[in-house]
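Trainee: Take this structure, written in structure tokens, and hold onto it; I'll ask about it next.
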Amino acid sequence: MPATNPPDALLKLIRKGNRFLLTSHRNPDGDSIGSELGLARVLRRLGKSAVIWNRDATPDVYRQLPGSERIVVGDEPPAGFPDAFSAVIVLECPSLERTGHEAQLKGVPLVNIDHHLGNQLYGKVSWVDPAAPSAGEMVHRLAHSMTVELDADTATLLYLTLVTDTGGFRFSNATAAAFDAAADLVRQGAQPARVAHWVYESRPEPMVRLLGEMLQSLELHHGGKIATALLTPEMFERAGATGGDAEGLIDTPRSIAGVEAVAVIRRKDDSHLKVSLRSRGDVDVEKVAAAHGGGGHKNAAGCELEGDFASVRQRVVEELATAVDHAAPPAEA
């Protein structure tokens with residue numbers, strides 16, 4: 001599927017507007033935060049102003065990112081909302097509900113920039129490109145279309161989105177477009193070593209302790225092709241960890257030899273569990289997530305299920321087993 005260019009309606013809206021509010025999905029990750037911070041800097045280069053408003057706090061691992069300290073967090077919208085803003089730009093979020101701001105954003109002019117297959121096209125202007133390796137790569141294309149020259153920090157933030165959403169250029173979305181964008185961003189000053197330090201070499205102690213707790217719950221299923229693990233409230237308490245410390249932990253069980261699909265299950269509220277899914281090669285976990293109202297990408301997706309840990313784990317294993325059995329055999333390493 002070829003990449004698409006930013007629609008003219010989006011370019012016109014940005015040129016005409018003066019002040020923009022940016023947001024993304026709950027439980028922010030590297031692509032959502034990097035895209036927000038990167039786009040805010042692009043808009044400022046155009047003489048605009050931008051405010052970022054997220055429902056949930058920035059994970060500790062991303063609090064080193066330039067500009068992250070200015071992100072507005074919580075239910076309360078920024079001062080002047082909505083009248084002081086030309087539009088709200090929602091990044092990397094397939095549905096308005098997932099922002100956590102659905103009630104406040106209803107009736108507000110929305111721009112929807114995303115790369116998820118199941119995007120609900122909820123924006124007055126929607127630019128959805130499932131071929132894009134990350135939402136940040138789309139911001140990179142948008143900047144190019146508007147002839148914005150990136151500074152080193154902006155290029156580094158957008159490079160971060162590529163690293164995190166392609167799993168360090170290991171997932172199936174590590175396409176030629178991803179490497180082309182990465183090369184161009186490095187030419188514009190992106191610092192790969194700095195990003196590697198942020199993502200892989202600056203984990204807070206509670207995150208590492210939480211990983212240890214999670215691995216105690218690790219189970220292999222379906223002849224070793226499926227791995228599952230739990231993140232219970234008690235594990236977070238023992239590790240002294242918060243929700244953001246779970247970012248990226250799923251990559252460890254995914255690295256086990258022979259494993260083709262992974263599920264990590266954690267408590268969301270009293271009745272719902274959040275299920276994070278990862279896979280290799282042709283195993284499509286997006287279809288598993290979509291069957292439960294979730295979504296994502298072929299090799300990285302998520303959803304929410306009702307039930308206790310044991311029953312949800314069993315159900316997820318059964319559905320992942322079907323996905324594994326229907327997939328083409330993995331390529332030889």
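Using my numbering, the first residue of the sequence shown is number 1, and each one after it goes up by one.
Ideal Cβ positions, reconstructed from N, Cα and C, are used throughout, including at glycine.
Nothing here was measured: the structure is a model prediction, and the numbers come from that model.
1. Among Glu260, Leu43, Val111, whose alpha-carbon lies nearest the alpha-carbon of Arg146?
2. Quick one: using the 10 Å Cβ neighbour count with 16 as the cut-off for buried, is Ala333 buried or exposed?
3. Pick helix, strand or coil for Asp184, following the three-state DSSP scheme.
4. In three-state terms, what does DSSP make of Thr23?
5. For Ala239, which three-state DSSP category applies?
6. Quick one: Cα of Leu46 to Cα of Val148, how far?
7. Among Gly294, Ala289, Leu37, Pro59, which has the Cα closest to the Cα of Val139?
8. For the beta strand (DSSP E) containing Asp114, list its first residue and its last residue.
9. Is the CB-CB distance between Cys303 and Val288 below 9 Å?
10. Which class does Ala333 belong to by DSSP, given the choice of helix, strand or coil?
11. Report yes if the C-beta distance between Asp245 and Leu273 is below 9 Å; otherwise report no.
12. Is the stretch 152 to 171 in contact with the stretch 102 to 110, if contact means three or more CB pairs nearer than 8 Å?
13. Ignoring anything shorter than 4 residues, give me the alpha helix (DSSP H) runs that lie fully in the stretch 203 to 231, in order along the chain.
14. Could you tell me how far apart the beta carbons of Val125 and Leu305 are, in whole angstroms, since I believe they sit closer than 8 Å?
15. Suppose the cutoff is 8 Å on Cβ atoms and the five residues either side in sequence are ignored; what does the same chain contact list for Asn5 look like?
16. Please name the residue, chosen from Gln120, Asn299, Pro82, that lies closest to Ala103 on a Cα-to-Cα basis.
17. Can you tell me where the alpha helix (DSSP H) holding Arg44 begins and where it ends?
18. Give a yes or no on whether the C-beta atoms belonging to Arg70 and His25 are separated by under 9 Å.
19. Excluding five sequence neighbours on each side, which residues of the same chain lie with their C-beta closer than 6 Å to the C-beta of Gly240?
20. Let's test the definition: count the other Cβ atoms within 10 Å of the Cβ of Lys16 and tell me whether it reaches 16, buried, or not, exposed.
21. Under the assumption that Arg238 contacts Val262 (Cβ atoms under 8 Å), give the Cβ distance between them as a whole number of angstroms.
22. Relative to the alpha-carbon of His297, which residue among Ala84, Asn173, Lys268 has its alpha-carbon at the smallest distance?
23. Where does Arg170 fall in DSSP's three states?
24. Taking C-beta to C-beta, are Asp56 and Gly100 nearer than 9 Å?
25. Give me the Cα-Cα distance between Asp284 and Pro7, rounded to the nearest whole angstrom.
26. How far does the alpha helix (DSSP H) with Leu13 in it reach, from first residue to last?
27. What distance in whole Å lies between the Cβ atoms of Val90 and Gly118, which are believed to be in contact at a cut-off of 8 Å?
28. For Arg271, which residues of its own chain have a beta-carbon under 8 Å away from its beta-carbon, when the five flanking residues on both sides are left out?
29. Alpha carbons only, please: which of His116, Glu234, Pro77 is nearest the one belonging to Glu92?
30. Considering only residues of the same chain and omitting the five flanking positions on each side of Asn299, which have a CB-CB separation below 6 Å?
31. So is Thr175 in contact with chain D if we call contact Cβ pairs under 9 Å?
32. Determine which residues share a DSSP beta bridge with Ser372 and list them.
33. Strictly by DSSP, which residues pair up with Ser49?
34. When you compare each of Leu231, Arg254, Gly295, Gly281 to Leu269 by their alpha carbons, which one comes out closest?
Mentor: Put simply:
1. Here residue 146 corresponds to residue number 146 of the sequence shown, with the count starting at 1. Sequence check: residue 146 is Met here, not Arg. Selected option, being the one with the closest Cα: Leu43.
2. Residue numbering aside, residue 333 sits at position 333 when the sequence shown is read from its first letter. Annotation note: pLDDT 49 at Ala333 (below 50); position unreliable, coordinate value reported separately. Flag for Ala333 reads exposed.
3. The count along the sequence shown starts at 1 and reaches residue 184 at position 184. For Asp184, the three-state secondary structure derived from DSSP is helix.
4. Against the sequence shown, residue 23 aligns to sequence position 23. Reduced to three states, the DSSP call for Thr23 is strand.
5. As a working note, residue 239 is residue 239 in the sequence shown. In the three-state DSSP reduction, Ala239 falls in the helix class (H, G or I).
6. Sequence index remark: in the sequence shown, residue 46 carries index 46 (1-based). Sequence index remark: in the sequence shown, residue 148 carries index 148 (1-based). Whole-angstrom Cα-Cα distance: 7 Å.
7. The residue labelled residue 139 in the question sits at position 139 within the sequence shown. Considering only Gly294, Ala289, Leu37, Pro59, the residue with the shortest C-alpha distance to Val139 is Leu37.
8. In the sequence shown, residue 114 corresponds to position 114, counting from 1. Taken as a continuous stretch (DSSP letters only), the beta strand (DSSP E) holding Asp114 covers 110 to 114.
9. For this step, residue 303 is matched to residue 303 along the sequence shown. For this step, residue 288 is matched to residue 288 along the sequence shown. Yes, the Cβ-Cβ distance between Cys303 and Val288 is below 9 Å.
10. Residue 333 sits at position 333 when you count from the first residue of the sequence shown. Annotation note: pLDDT 49 at Ala333 (below 50); position unreliable, coordinate value reported separately. The answer is coil: DSSP assigns Ala333 none of H, G, I, E or B.
11. Here residue 245 refers to the residue found at position 245 of the sequence shown. Here residue 273 refers to the residue found at position 273 of the sequence shown. Their beta carbons are not under 9 Å apart, which means Asp245 does not touch Leu273 by this criterion.
12. No, because fewer than three Cβ pairs between the stretch 152 to 171 and the stretch 102 to 110 fall closer than 8 Å, the two stretches do not touch.
13. 205 to 216
14. For the purposes of this step, residue 125 is taken as residue 125 along the sequence shown, with counting starting at 1. For the purposes of this step, residue 305 is taken as residue 305 along the sequence shown, with counting starting at 1. Contact flag wrong, Cβ pair sits at about 33 Å.
15. For the purposes of this step, residue 5 is identified with residue 5 of the sequence shown, where counting begins at 1. So the qualifying residues of the chain are Arg141, Ser145.
16. On the sequence shown, residue 103 is found 103 positions in, with the first residue counted as 1. It is Pro82 whose Cα lies nearest to the Cα of Ala103.
17. Working through the sequence shown from its first residue, we reach residue 44 at position 44. Run containing Arg44: 30 to 45, per the alpha helix (DSSP H) assignment.
18. In the sequence shown, residue 70 corresponds to position 70, counting from 1. In the sequence shown, residue 25 corresponds to position 25, counting from 1. Going by C-beta atoms, Arg70 is not nearer than 9 Å to His25.
19. Start at 1 with the first residue of the sequence shown, and residue 240 comes out as number 240. Same-chain partners within the cutoff: Pro206.
20. Here residue 16 corresponds to residue number 16 of the sequence shown, with the count starting at 1. Lys16 counts as exposed, since fewer than 16 other C-beta atoms from the protein chains shown sit within 10 angstroms of its C-beta.
21. The count along the sequence shown starts at 1 and reaches residue 238 at position 238. The count along the sequence shown starts at 1 and reaches residue 262 at position 262. With 8 Å as the limit, Arg238 and Val262 do not qualify as a contact, their Cβ atoms being about 22 Å apart.
22. The residue labelled residue 297 in the question sits at position 297 within the sequence shown. Checked all of Ala84, Asn173, Lys268; the closest Cα to His297 is Asn173.
23. One-based indexing of the sequence shown puts residue 170 at position 170. Arg170: coil per DSSP, three-state reduction.
24. Counted from its first residue, the sequence shown places residue 56 at position 56. Counted from its first residue, the sequence shown places residue 100 at position 100. Yes, the Cβ-Cβ distance between Asp56 and Gly100 is below 9 Å.
25. Numbered from 1 along the sequence shown, position 284 holds the residue referred to as residue 284. Numbered from 1 along the sequence shown, position 7 holds the residue referred to as residue 7. Each residue's CA atom was taken as its position, placing Asp284 and Pro7 some 29 Å apart.
26. Residue mapping note: residue 13 aligns to position 13 of the sequence shown, counting from 1. Per DSSP, Leu13 belongs to the alpha helix (DSSP H) from 8 to 16.
27. For the purposes of this step, residue 118 is taken as residue 118 along the sequence shown, with counting starting at 1. For the purposes of this step, residue 90 is taken as residue 90 along the sequence shown, with counting starting at 1. About 15 Å; that fails the 8 Å criterion.
28. As a position in the sequence shown, residue 271 is number 271, starting the count at 1. This sequence places Ser at residue 271; Arg is not what is there. Once the five neighbours on either side are set aside, the close Cβ partners of Ser271 are Glu306.
29. For the purposes of this step, residue 92 is taken as residue 92 along the sequence shown, with counting starting at 1. Glu92 has its Cα closest to that of His116, out of His116, Glu234, Pro77.
30. Taking the first residue of the sequence shown as 1, we reach residue 299 at position 299. So the list reads Phe171, Ser172, Ser279, once near-sequence residues are dropped.
31. Included in the structure is just one protein chain, with no chain D present.
32. Outside the modelled stretch of the chain, which goes from 1 to 333, sits residue 372, for which no answer is possible.
33. As a working mapping, residue 49 is identified with position 49 in the sequence shown. In DSSP, Ser49 forms a bridge with Arg19.
34. Taking the first residue of the sequence shown as position 1, residue 269 is located at position 269. Note that residue 269 is Asp in the sequence shown, not Leu. It is Leu231.
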